[in-house]
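Protein chains in written order, with our numbering: chain S, 1 to 417; chain W, 418 to 834.
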């Protein structure tokens with residue numbers, strides 16, 4: 001199966017230039033990027049000068065949590081979590097996560113997100129939903145019930161061109177006994193695999209850890225050897241200077257989730273400081289329960305502008321740097337070197353940005369304007385693994401969208417009931 | 418001409434309920450809101466359960482500034498304004514504002530914005546663009562060149578059902594001689610008309626005013642009688658407690674522009690505090706040069722979530738209150754009592770929210786979720802004055818959109834050249 005994307009502007013992210021040309025895709029991989037490709041293709045899409053670029057990598061997600069979208073807005077954090085979210089999560093039955101995850105994936109497609117680093121219960125249902133819809137996911141193990149040999153087998157089965165892969169993790173220091181932290185650290189050492197976790201999300205989390213262990217959570221986990229083979233943290237709003245230095249030494253990746261952090265009043269991560277320290281930075285949406293949207297455009301806008309306002313400097317945090325965090329930064333954090341940039345041999349995870357959307361007009365600095373004026377509205381196509389899953393606001397995921405909604409609503413109503 | 422919008426959920430904003438029913442529009446006004454309207458209509462639109470609500474009121478705009486969108490991102494405020502924006506604005510020739518304004522209006526339509534309070538040069542060109550496209554605008558006079566009798570005549574010609582009306586204003590204290598402030602105050606008294614201005618946008622603006630006059634800008638202008646017949650201020654990031662009290666006494670309207678304030682590192686307005694003081698609050702996008710998008714969804718999200726994070730309280734600033742600021746709050750500020758809510762007799766400025774967009778699924782709290790997960794992507798229809806100007810991502814503005822883009826690009830390239 002050959003697909004030809006013609007007459008495009010292309011930001012390959014191999015370098016910083018926008019070139020003009022065509023992209024030929026054979027099955028699930030890019031085979032050619034050139035001007036005026038003459039190959040016969042089974043499917044030809046005229047891009048009409050619109051921009052092709054690598055899809056966004058959403059590197060922190062709880063996709064199935066769309067059931068709680070706007071179910072418990074505007075509540076204090078503790079009440080939101082303990083009185084609203086946890087009681088509903090206790091009611092899950094088999095199949096729920098499968099149906100809910102699908103709605104989240106539909107939303108990812110509308111935002112040009114071609115990959116999610118997903119952390120939730122019933123991982124086999126996440127896998128099934130992702131594979132059936134053609135979506136690329138790495139599943140993070142964080143349940144205390146996951147057995148070490150099961151996780152070892154899953155992580156060792158990873159291949160760059162799988163739609164679904166696995167990663168070691170813990171939920172967070174404050175929810176994980178020290179024995180489990182050590183167990184995961186030992187497995188990470190044994191199979192040389194990175195580990196990810198929530199860390200430094202709230203001030204009270206950090207204080208609690210200091211009370212328990214006499215040290216801040218990142219320092220504790222680094223000293224326990226959890227990140228000796230890399231990995232990273234979600235949120236990272238509260239790191240000491242010592243932790244920043246340790247993070248740098250361990251190639252610890254920062255995953256920032258500005259929308260969730262604002263909505264839950266957790267704080268604002270000092271991303272400009274992390275960038276200056278040379279840390280790699282990726283961006284995540286977190287779950288819809290706390291965001292409420294699964295939208296990389298809103299996240300990108302905030303990664304930049306929150307640094308400007310908190311540093312009182314409009315020149316702080318270059319827009320194009322943020323575009324790279326949402327693509328390359330996430331890919332680097334997760335080791336996605338088969339779908340990081342657009343080049344022959346790479347997996348075809350490609351999005352088309354509609355430059356004829358009024359928010360993209362006139363054409364001045366296209367790359368920065370995607371960050372500063374972009375929204376889901378400018379996404380014209382989302383292709384994953386060589387397949388067009390979303391085009392001109394229509395979904396091609398092998399199933400009627402209304403049926404997906406109906407089932408997710410049914411699950412949601414039962415959980416709330 | 419009768420248009421029937423059938424099978425809708427309807428948030429009239431007459432009260433807080435979402436009802437089910439149809440809306441009948443005769444020419445430019447709503448004539449009936451009921452279940453199962455049987456009237457024959459020239460045009461019938463099946464809303465398929467999607468939500469109809471009043472359009473958003475963008476109550477601070479410099480619409481034509483789209484020429485500078487992403488032309489000068491990531492620069493310090495002073496350099497951005499004096500080295501980049503002002504030199505281009507000096508090059509305007511007749512017709513430029515007309516062509517540029519049209520692109521801004523297209524973008525408003527994509528964001529469900531049915532009204533703009535526009536402040537820019539060449540006001541007759543803003544009027545022409547708005548009327549030709551069918552967009553509702555109130556033009557704010559702020560040029561020092563506008564003669565008092567000209568402004569008086571224009572403001573006295575205002576009618577609630579005009580597409581284009583006028584309002585008195587000054588640009589800001591720091592750009593306006595005290596004699597002009599007094600002249601506008603006198604005219605406001607003579608014709609009993611409100612006055613609007615930029616105020617309290619940056620700390621340096623406030624300091625400068627204190628140095629010049631020994632008092633803060635809002636206090637100065639209130640003491641000069643500028644707001645004795647109402648009006649309001651754009652940005653309002655830095656008001657003293659004394660100013661908040663004075664504002665309340667004068668029915669002074671707060672117009673907040675969070676995106677622009679973040680991107681230019683101006684600050685974060687204490688909206689929760691203003692709300693507590695009982696001030697009316699509207700929301701504006703400001704111009705694309707400093708935002709860069711003309712998008713009410715991004716503004717609404719930030720009006721709420723920035724208050725949560727700065728007040729360290731996830732319960733601060735209710736999402737539905739913010740939805741009302743973006744509609745009723747703006748309408749109240751501008752005296753738009755003919756298009757504030759959906760009811761028989763009101764002008765038909767109506768938008769349709771696509772509840773089948775994945776970001777709106779499942780249905781939990783629809784009103785709050787528009788604020789927390791909405792984006793331009795969920796706007797299915799924008800109707801102004803009874804005419805559908807935008808439907809299913811297509812524009813109906815009496816002119817080819819690509820031609821509008823071509824002319825705006827031509828103007829932009831000449832300005833930059």
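All residues carry an ideal CB built from backbone N, CA and C; glycine is no exception.
Keep in mind that this is a model prediction, so the values were computed, not measured.
Can you list the residues of chain W that residue i reaches, using a CB-CB cut of under 7 Å?
i: residue 286 (chain S); result: The premise fails here: residue 286 (chain S) is roughly 13 Å from chain W at the closest Cβ pair, so nothing lies under 7 Å.
May I have the straight-line CA-CA distance separating residue i from residue j, to the nearest angstrom?
i: residue 288 (chain S); j: residue 792 (chain W); result: 14 Å
i: residue 275 (chain S); j: residue 491 (chain W); result: 16 Å
i: residue 751 (chain W); j: residue 624 (chain W); result: 29 Å
i: residue 482 (chain W); j: residue 518 (chain W); result: 8 Å
i: residue 286 (chain S); j: residue 25 (chain S); result: 32 Å
i: residue 60 (chain S); j: residue 348 (chain S); result: 22 Å
i: residue 684 (chain W); j: residue 655 (chain W); result: 8 Å
i: residue 310 (chain S); j: residue 211 (chain S); result: 29 Å
i: residue 521 (chain W); j: residue 531 (chain W); result: 12 Å
i: residue 172 (chain S); j: residue 121 (chain S); result: 15 Å
i: residue 175 (chain S); j: residue 832 (chain W); result: 58 Å
i: residue 393 (chain S); j: residue 402 (chain S); result: 14 Å
i: residue 446 (chain W); j: residue 744 (chain W); result: 18 Å
i: residue 290 (chain S); j: residue 137 (chain S); result: 21 Å
i: residue 733 (chain W); j: residue 71 (chain S); result: 16 Å
i: residue 245 (chain S); j: residue 197 (chain S); result: 18 Å
i: residue 41 (chain S); j: residue 23 (chain S); result: 11 Å
i: residue 157 (chain S); j: residue 83 (chain S); result: 39 Å
Taking the alpha helix (DSSP H) that residue i falls in, what are its first and last residues?
i: residue 182 (chain S); result: 178-191
i: residue 616 (chain W); result: Where residue 616 (chain W) is concerned, there is no enclosing alpha helix (DSSP H), although the beta strand (DSSP E) it sits in stretches over 612-616.
i: residue 321 (chain S); result: 319-324
i: residue 104 (chain S); result: 96-110
i: residue 714 (chain W); result: 713-727
i: residue 86 (chain S); result: 86-89
i: residue 733 (chain W); result: Premise fails: residue 733 (chain W) is in no alpha helix (DSSP H) and is neither H nor E.
Once the 5 residues before and after residue i are set aside, which same chain residues still bring their CB inside 7 Å of it?
i: residue 577 (chain W); result: 754, 755
i: residue 47 (chain S); result: 5, 6, 7, 8, 352
i: residue 382 (chain S); result: 55, 109, 112, 114, 351, 389, 390
i: residue 604 (chain W); result: 565, 568, 569, 585
i: residue 736 (chain W); result: 721, 785, 788, 789
i: residue 308 (chain S); result: 314, 316, 317
Give me, in chain order, the residues of the same chain whose beta-carbon lies closer than 8 Å to that of residue i; leave out the 5 immediate sequence neighbours on both sides.
i: residue 50 (chain S); result: 8, 9, 352, 353, 354, 355, 356, 380
i: residue 180 (chain S); result: 144, 170
Pull up the DSSP beta-bridge partners for residue i, would you.
i: residue 439 (chain W); result: W:451
i: residue 57 (chain S); result: S:115
i: residue 245 (chain S); result: Answer by DSSP bridge pairing: none, since residue 245 (chain S) is not bridged.
i: residue 394 (chain S); result: S:391
i: residue 801 (chain W); result: W:804
i: residue 462 (chain W); result: W:422
i: residue 29 (chain S); result: S:26, S:347
i: residue 796 (chain W); result: W:770
i: residue 140 (chain S); result: S:167
i: residue 700 (chain W); result: W:673
Please list the partners that residue i has in chain S, where partner means a Cβ-to-Cβ separation under 8 Å.
i: residue 792 (chain W); result: 293, 295, 297, 298, 375, 376, 377
i: residue 726 (chain W); result: 261, 262, 265, 266, 267, 268
i: residue 731 (chain W); result: 74, 75, 76, 77, 80, 263, 264, 265
Within the same chain, show all residues whose beta-carbon is closer than 6 Å to that of residue i, passing over the 5 residues directly before and after it, in chain order.
i: residue 111 (chain S); result: 295, 296, 376
i: residue 668 (chain W); result: 647
i: residue 43 (chain S); result: 3
i: residue 236 (chain S); result: 200, 254, 269
Show which residues of chain S have a CB atom less than 7 Å away from the CB atom of residue i.
i: residue 547 (chain W); result: Simply none; closest approach about 15 Å.
i: residue 775 (chain W); result: 103, 106, 107, 110
Which residues mark the beginning and the end of the beta strand (DSSP E) in which residue i is found?
i: residue 233 (chain S); result: 231-235
i: residue 426 (chain W); result: 419-428
i: residue 168 (chain S); result: 164-172
i: residue 768 (chain W); result: 767-770
Mind pulling the chain W residues with CB within less than 9 Å of residue i?
i: residue 390 (chain S); result: Simply none; closest approach about 10 Å.
i: residue 274 (chain S); result: The premise fails here: residue 274 (chain S) is roughly 18 Å from chain W at the closest Cβ pair, so nothing lies under 9 Å.
i: residue 190 (chain S); result: The premise fails here: residue 190 (chain S) is roughly 40 Å from chain W at the closest Cβ pair, so nothing lies under 9 Å.
Residue i touches chain W at which residues, Cβ-Cβ below 8 Å?
i: residue 430 (chain S); result: Coverage of chain S is limited to positions 1 through 417, which leaves residue 430 (chain S) absent and any answer about it impossible.
CB of residue i to nearest heavy atom of the ligand ZN: below 7 Å?
i: residue 190 (chain S); result: What this structure holds is no ligand at all, so the ligand ZN is not there to describe.
Can you find a CB in chain A that lies within less than 8 Å of the CB of residue i?
i: residue 810 (chain W); result: Judged by its chain identifiers, the structure shown contains no chain A, and its protein chains are S and W.
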